[in-house]
Amino acid sequence: MIVVVLGGIRSGKSDLGEQIARRLGEPVTVVVPAQPEDPDFAARVRVHQARRPPSGATLECGPDLPGALTSVRGTALVDSLGSWVAAAPDFGADPTPLLDAVRRRDASTVLVSEEVALSVHPPTESGRRFADTLGALNTAVAAIADRVLLCVAGRVVPLDTAAGALDGP
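Position 162 of the sequence shown, counting from 1, maps to 161 under numbering that gives the first Met the number 0, and the rest follow consecutively.
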């Protein structure tokens, strides 16, 4: 099972991703594709770690998210794809190795990501490059997912495929 959970900052997406991962089966390994570089981000990571069950593991993998996913046994919870893109040089995160790694897994994968399409248009070239890269990555992982959910204000909206949306009610 591949599940993508999208949402804005503080939308509840990480909590939802954790709940889904636990339901998909133990053990759960949380894969964090960025190392905390500033005190605020490090504090956020500690808050997330504190609410997870002690049976789970956390793997801080840095830029090698595809490689990390191949080493995880059991359910993998990736939190978050935005951190992976932000940590890549020039935001050049290549989705192909990630998609291949997710498809090859023999256990469930939950991918949490920031939804950039609902935010203010970035005023800088680097901001636009980040939004473009993450938006394309979100679209690519959603295309291979069994379920895609949007989390807004702690509420969940299941998202249909484009073909499903065109079928009508």
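For glycine and all other residues, C-beta sits at the position ideal for the given N, C-alpha and C.
Keep in mind it's a predicted model, so treat the numbers as computed, not measured.
C-beta atoms of residue i and residue j nearer than 8 Å
i, j, result
"V2", "A144", "yes"
"V77", "T57", "no"
"L136", "A92", "yes"
"A20", "V151", "no"
"A75", "A33", "no"
"A86", "P62", "yes"
"P65", "P88", "no"
Whole-Å CB distance - residue i paired with residue j, under 8 Å assumed
i, j, result
"L148", "V29", "L148 to V29, Cβ: 18 Å. No contact."
"V111", "G16", "4 Å"
"R104", "L68", "6 Å"
Which residues DSSP lists as bridging residue i, in chain order
i, result
"C60", "Note: C60 sits in no beta bridge, so no partner."
"V115", "BP columns for V115 are empty, so no partner."
"V156", "L149"
"L5", "S112, L149"
"A29", "According to the sequence provided, residue 29 is Val. The question's Ala does not apply to it. Answer is T57, L76."
Residue i: CB within 7 Å of a non-hydrogen atom of the ligand FAD
i, result
"V3", "Absence of the ligand FAD is noted for the structure shown, with no ligands found whatsoever."
Proximity test, Cβ basis, 8 Å: residue i and chain B
i, result
"P62", "No chain B appears in this structure, which consists of one protein chain only."
Proximity to residue i [Cα-Cα], best of the options
i, options, result
"P26", "A142, V84, R72, T123", "R72"
"S82", "L133, R154, P122, R103", "L133"
"D131", "P94, D63, L64", "P94"
"A139", "A87, G126, L80, M0", "L80"
"R128", "G11, V84, A49, K12", "V84"
"G11", "L158, T160, R154", "R154"
"R9", "P38, V46, M0, G24", "V46"
"D14", "E36, V119, H120, A49", "A49"
"L98", "A141, V156, Q18, P38", "A141"
"G55", "G24, E113, D39, P38", "G24"
Segment limits, beta strand (DSSP E) that includes residue i
i, result
"V71", "Here V71 belongs to no beta strand (DSSP E), and DSSP marks it neither H nor E."
Residue range of the alpha helix (DSSP H) that includes residue i
i, result
"T123", "Unbroken run through T123: none, as it is neither H nor E."
"S13", "12 to 23"
"P96", "94 to 103"
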